[in-house]
Amino acid sequence: MSQQAQLDAITASMVSLPNAEKIGKQLSDGHEKWLSTWDASKAIQVGDKLPSFTLTDATGKEVTSASLLAKGGPLLITFYRGEWCPFCNVALGFLQKHLSEFQARGVTLVAVTPELPNNNLTTAEKHALEFPVLTDLHNGLAKKLGILYDQSSAREMHASFGIDLKARNGEDTWEVPIPANLLVDKHGVVRNTFIDPNFRTRLDPQKALEWIDALQK
Numbered sequence: 002m003s004q005q006a007q008l009d010a011i012t013a014s015m016v017s018l019p020n021a022e023k024i025g026k027q028l029s030d031g032h033e034k035w036l037s038t039w040d041a042s043k044a045i046q047v048g049d050k051l052p053s054f055t056l057t058d059a060t061g062k063e064v065t066s067a068s069l070l071a072k073g074g075p076l077l078i079t080f081y082r083g084e085w086c087p088f089c090n091v092a093l094g095f096l097q098k099h100l101s102e103f104q105a106r107g108v109t110l111v112a113v114t115p116e117l118p119n120n121n122l123t124t125a126e127k128h129a130l131e132f133p134v135l136t137d138l139h140n141g142l143a144k145k146l147g148i149l150y151d152q153s154s155a156r157e158m159h160a161s162f163g164i165d166l167k168a169r170n171g172e173d174t175w176e177v178p179i180p181a182n183l184l185v186d187k188h189g190v191v192r193n194t195f196i197d198p199n200f201r202t203r204l205d206p207q208k209a210l211e212w213i214d215a216l217q218k
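Numbering-wise (the numbering used here), the sequence shown opens with residue 2 and increments by one.
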């Protein structure tokens, strides 16, 4: 089954959730309210320099943007909301499936999430990820990039499923990154972006490979 087919299946299954109509309206209303305040032009753009960062991997080790770029090849960064998000898990799984193709092109792939390192270790193990999963504590990098999303409209839904973002992220804001992908060249310049506030929509890894092939021509 393709990535899009799996994402569509998750979307279809949501209608059978308890209180699906009520929850759906809460999410929709919250999304529209947030969209009315978000300025997409202030998000990271193609041609921008990637802000420098220091994040923590799943083992607690600090990882810097400089160390990632020092590997000499392009850097592909994927932002995901958390292991609690089934759409994110599908996207991570498909990136893993294509990991050897990214590596063959000299690409360094990293995932970034606000979840704390102990949760990221669980994510990496559960989904057999062979690329780093980094903690963006309090969404510091996401804020710099202009890709921060207010997820507070989902508090009731999360509570009904036992999802505690305060415990997972170490803060009670219910803010998460917009699912996003950035391709950064070896000089730290952003060459391609995929930033979509619709959390059901994800970049196809094949498209990311096309970005990389175009960059390396």
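Note that CB positions come from ideal geometry on N, CA and C, so glycine has one too. Please read these numbers as outputs of a predicted model, since none were measured by experiment.
Item: Nearest neighbour of histidine 188, chosen from Pro75, Pro133, Glu33 and Lys62 [CA to CA]; Value: Pro75
Item: Alpha carbon of proline 87 to alpha carbon of tryptophan 35, nearest angstrom; Value: 22 angstroms
Item: Nearest-angstrom beta carbon gap, glycine 83 and glutamate 116 [assumed within contact, 8 angstroms]; Value: 5 angstroms
Item: Other residues of its chain near threonine 12: CB distance less than 6 angstroms, five sequence neighbours each side excluded; Value: Arg201
Item: Proximity of histidine 205 and glutamine 4 at Cβ, strictly below 8 angstroms; Value: Here residue 205 turns out to be aspartate, not histidine, going by the sequence shown. Against a cut-off of 8 angstroms, the Cβ pair of glutamine 4 and aspartate 205 comes out as a contact.
Item: N- and C-terminal bounds of the beta strand (DSSP E) containing leucine 183; Value: 181–185
Item: C-beta atoms of asparagine 182 and alanine 209 nearer than 8 angstroms; Value: yes
Item: Sequence ranges, beta strand (DSSP E) only - wholly within the segment 56–130, length at least 3; Value: 63–65, 76–80 and 109–114
Item: C-beta contact flag for asparagine 193 and valine 47 at 8 angstroms; Value: yes
Item: Proximity to threonine 55 [Cα-Cα], best of His128, Gly73, Gly141 and Leu28; Value: Gly141
Item: Cα-Cα separation, lysine 23 to threonine 57; Value: 37 angstroms
Item: Residue range of the unbroken alpha helix (DSSP H) whose run includes leucine 135; Value: No alpha helix (DSSP H) contains leucine 135, which is instead part of the beta strand (DSSP E) from 134–136.
Item: Burial state of aspartate 137, where buried means 16 or more other Cβ atoms lie within 10 Å; Value: buried
Item: Selection from Glu102, His159 and Asn90 that minimises the alpha carbon distance to asparagine 20; Value: His159
Item: DSSP bridge partner residues for glutamate 176 (one or two, in chain order); Value: Asp151
Item: Arginine 156 (DSSP reduced to helix, strand or coil); Value: helix
Item: Proximity below 8 angstroms, CB of valine 111 to CB of leucine 135; Value: yes
Item: Of the residues Glu102, Gln104 and Ala92, the one placed nearest valine 113, counting alpha carbons only; Value: Ala92
Item: Other residues of its chain near leucine 122: CB distance less than 6 angstroms, five sequence neighbours each side excluded; Value: Ala59
Item: Simplified DSSP state of threonine 194, which is helix, strand or coil; Value: strand
Item: Reduced DSSP category for lysine 145 - H, G, I as helix; E, B as strand; rest coil; Value: helix
Item: CA-to-CA distance, methionine 2 to proline 118, given in whole angstroms; Value: 31 angstroms
Item: Cβ-based burial, alanine 143 [other Cβ within 10 Å; buried from 16]; Value: buried
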